[in-house]
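The block underneath contains the structure these notes are about, expressed in structure tokens.
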Amino acid sequence: MRVGRILFSWVIMLCAAHAWCGETLDRVKRSGVVNNVLINTYPPFGYIDADNQLAGFDVDVARAFAAKLGVALRLATPGWETIVSGRWQGRWDICICSMSPTEDRARVLSFPVIYYNSPAVLTVHASEQRIKSVADISGKRVGVGTGSSYENYLNKALVIPGASPVAYPFHDVLVIPGDEAVNFRNLALGPGVRLDAIVSNLATARANVDSIHGLKIVGPVLYAEPNVVATEKGDPEWDRTVNRVFTELKADGTLARISQKWFGQDITLDAH
Amino acid sequence: MLTEAPESQSSEEAAGARGVPRAPTMRELGLKTGRFRRNVWLTWAVLLVLLAGGCYGLHLDFAYVGQKLPFLLGLRLSPDGFIQGAALTIFVTACSMFFALLVACLTALGRLSSNSVAFAVATFYASLFRGTPLMVQVLIIYLALPQIGIVLGALSSGLIALSLNYGAYLAETIRSGIIAVPAGQREAAMALGLPHWVIALKVIAPQAMRLIIPPAGALFVSLLKDSSLVSLMGLWELNFLAQSYARASYHYMEMLIAAALIYWALAIVFELVQFRLERRYGKGVAVLGRL
Numbered sequence: 011m012r013v014g015r016i017l018f019s020w021v022i023m024l025c026a027a028h029a030w031c032g033e034t035l036d037r038v039k040r041s042g043v044v045n046n047v048l049i050n051t052y053p054p055f056g057y058i059d060a061d062n063q064l065a066g067f068d069v070d071v072a073r074a075f076a077a078k079l080g081v082a083l084r085l086a087t088p089g090w091e092t093i094v095s096g097r098w099q100g101r102w103d104i105c106i107c108s109m110s111p112t113e114d115r116a117r118v119l120s121f122p123v124i125y126y127n128s129p130a131v132l133t134v135h136a137s138e139q140r141i142k143s144v145a146d147i148s149g150k151r152v153g154v155g156t157g158s159s160y161e162n163y164l165n166k167a168l169v170i171p172g173a174s175p176v177a178y179p180f181h182d183v184l185v186i187p188g189d190e191a192v193n194f195r196n197l198a199l200g201p202g203v204r205l206d207a208i209v210s211n212l213a214t215a216r217a218n219v220d221s222i223h224g225l226k227i228v229g230p231v232l233y234a235e236p237n238v239v240a241t242e243k244g245d246p247e248w249d250r251t252v253n254r255v256f257t258e259l260k261a262d263g264t265l266a267r268i269s270q271k272w273f274g275q276d277i278t279l280d281a282h
Numbered sequence: 357m358l359t360e361a362p363e364s365q366s367s368e369e370a371a372g373a374r375g376v377p378r379a380p381t382m383r384e385l386g387l388k389t390g391r392f393r394r395n396v397w398l399t400w401a402v403l404l405v406l407l408a409g410g411c412y413g414l415h416l417d418f419a420y421v422g423q424k425l426p427f428l429l430g431l432r433l434s435p436d437g438f439i440q441g442a443a444l445t446i447f448v449t450a451c452s453m454f455f456a457l458l459v460a461c462l463t464a465l466g467r468l469s470s471n472s473v474a475f476a477v478a479t480f481y482a483s484l485f486r487g488t489p490l491m492v493q494v495l496i497i498y499l500a501l502p503q504i505g506i507v508l509g510a511l512s513s514g515l516i517a518l519s520l521n522y523g524a525y526l527a528e529t530i531r532s533g534i535i536a537v538p539a540g541q542r543e544a545a546m547a548l549g550l551p552h553w554v555i556a557l558k559v560i561a562p563q564a565m566r567l568i569i570p571p572a573g574a575l576f577v578s579l580l581k582d583s584s585l586v587s588l589m590g591l592w593e594l595n596f597l598a599q600s601y602a603r604a605s606y607h608y609m610e611m612l613i614a615a616a617l618i619y620w621a622l623a624i625v626f627e628l629v630q631f632r633l634e635r636r637y638g639k640g641v642a643v644l645g646r647l
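Top to bottom, those sequences are chains A and L.
Read in order, the letters of the first sequence correspond to residues 11 to 282 in the numbering used here.
Read in order, the letters of the second sequence correspond to residues 357 to 647 in the numbering used here.
Listed below in structure tokens is the structure:
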């Protein structure tokens, strides 16, 4: 009997803690700190710079966000799977982390605002003759980041909420999910040695083409991928606050300035 | 210590010819001679030079490695003021070793216990944690526990996962060491009327230690490297920093090799400690094959 009562009181306590954890806005207001998660291995969006500090487009945007909100910023860099699996349970408040919205992710996370658009492109070895555009990748080995939206694209399963359907002018592609950095190394070994091509975003592709010799970007842009800010589900008031702050950052030119600094162009232009 | 026996062929033959039983040579006893030792060091040196040559052949950017080394070694603090790099790796490993040892001793006692519940709990725990992948355990403790209201930090989740996993393995090592001590030892001690705790601590434990230390040392070296799994939760340990720098700068090989060498250096320290302990607990036994 007593054990039952103790268990019961535990359950009640846990439920109470759970409900309390959902109040992201309250937590941020009370603590004066916003906890942002991002990726430490995704240059130039998020990486560790020469001074051992987190840096990149996403870091600057997060700083601007916290400053506009009037709170301090704390950054965390857990594994990508940890972030996209949701159920943060109050560990983090927001993810300004170049996330593309997919249906699967929408089940566990909210996307209060799109903050930039990133074109997806096809990269091949410089001496590649057979692949001139994405229409030529049928039956070829194509590398993508594990769990990325590019993997969904090659599997013809990419649904961007609120956007028109994406075209898939290929069939029977051998999708090779892996680590993006390792994929680019593999592609540089030669056409078809380990990979025939890679689908990634333009900024990543360009950075790799510039630093690893023997790669080139081919064909037109595959599709424009919106990148969103993600929050934990269950606090619409926090989502509205995030949306409002980003609208202000866009209106006063902060986002455009950060984009110019990192990319020499405004990738936040068409985002809404 | 045994002194070196004469090895010259002629003197042995001469002794045999006179019909006097000759003393066994160092080699026959399985002991290492001075020449053996010298050749070991020489071979190590040659292999090291070959390895260094292989690394040199990769045309690595050593200046970049030098620039990142203080961070990798953990001589500086991370941006949020916590230890990082190899220092954090050592910290995580040391803490996990300590807790794993505690858990392992309890589990080994449970496995040897005549109490059915203690036995069942110990075997269930050991089976569960040895039979599931460490990476899955790390993620479950970090991601699943919050759903029942227990939100642990990254560091504590990692320590719990590593301690529980290695505790399960270590328990078997300890148990095997204890049951390998001949039953006659315990019986003799009991016949002398020694109390139970004296038998456990002064008779069984020292003899079991000799058998436990080599496999336990191997486990701890393995734990040192598996500590890199806590990077999954965003702890800035050695492997995390190496991967981050590698991707930010596209100096992939440099950072991976640097991290590997640092892990190796740490593992060598572990091996030396293990060697010392082995020698200490092997004192009472004529140890063959000792270096």
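All residues carry an ideal CB built from backbone N, CA and C; glycine is no exception.
All figures in this text were calculated on a predicted structure; none of them were measured in a lab.
Rounded to the nearest angstrom, the gap between the Cα atoms of residue 61 of chain A and residue 621 of chain L is 25 Å. The bridge partners DSSP lists for residue 532 of chain L come to none. Cβ proximity to chain L below 7 Å picks out 86, 87, 88 from the segment 77–88 of chain A.
For the options A/176, A/74, A/226, A/141, the alpha carbon positioned closest to that of residue 212 of chain A is the one of A/226. If you draw a straight line from the Cα of residue 501 of chain L to the Cα of residue 512 of chain L, it comes to about 12 Å.
Any Cβ of chain A closer than 8 Å to the Cβ of residue 600 of chain L would place that residue at the interface, and such an atom is present.
Short of 6 Å from the beta carbon of residue 109 of chain A, and not among the five residues preceding or following it, lie these beta carbons of its own chain, in chain order: 238, 240. Separation of residue 204 of chain A and residue 198 of chain A (C-alpha to C-alpha, rounded to the nearest whole angstrom) is 9 Å.
Between residue 577 of chain L and residue 100 of chain A, the C-beta gap is not smaller than 8 Å, which leaves the two residues out of contact. Within chain A, the residues whose beta carbon sits less than 8 Å from that of residue 503 of chain L are 97, 99, listed in sequence order. Here residue 98 of chain A is buried, its C-beta having at least 16 other C-beta atoms within 10 Å.
Between residue 510 of chain L and residue 437 of chain L, the C-beta gap is not smaller than 8 Å, which leaves the two residues out of contact. Counting along the chain, the unbroken alpha helix (DSSP H) around residue 253 of chain A starts and ends at 246–261. Distances from the alpha-carbon of residue 128 of chain A to those of A/88, A/146, A/54, A/96 put A/54 closest.
The three-state secondary structure of residue 120 of chain A, taken from DSSP, is strand. By the 16-neighbour rule on beta-carbons within 10 angstroms, residue 493 of chain L is buried. Under the DSSP definition of a beta bridge, residue 184 of chain A partners with A/151. For residue 588 of chain L, the C-beta contacts it makes with chain A under 9 Å involve 88, 89, 91, 92, in order along the chain.
Under the Cβ distance rule, residue 608 of chain L counts among the residues neighbouring chain A, one pair being separated by less than 8 Å.
Under DSSP, residue 441 of chain L forms a beta bridge with L/593. For the C-beta of residue 205 of chain A, not a single chain L residue is nearer than 8 Å; the gap to the nearest is close to 16 Å.
Taking the Cα positions, residue 408 of chain L is about 22 Å away from residue 626 of chain L. C-alpha of residue 440 of chain L to C-alpha of residue 434 of chain L: approximately 6 Å in a straight line. Residue 195 of chain A and residue 535 of chain L have their C-alpha atoms spaced approximately 52 Å apart. The three-state secondary structure of residue 238 of chain A, taken from DSSP, is strand. Partner residues in the beta bridge of residue 57 of chain A, as assigned by DSSP, are A/51, A/65.
The residues 54, 67, 213, in chain order, have a CB closer than 8 Å to that of residue 273 of chain A in the same chain once the five nearest residues on each side in sequence are set aside. Cβ proximity to chain L below 9 Å picks out nothing from the segment 238–269 of chain A. Under a 10 Å Cβ-count criterion, residue 607 of chain L is classified as buried, with 16 or more other Cβ atoms of the shown protein chains found around its own Cβ.
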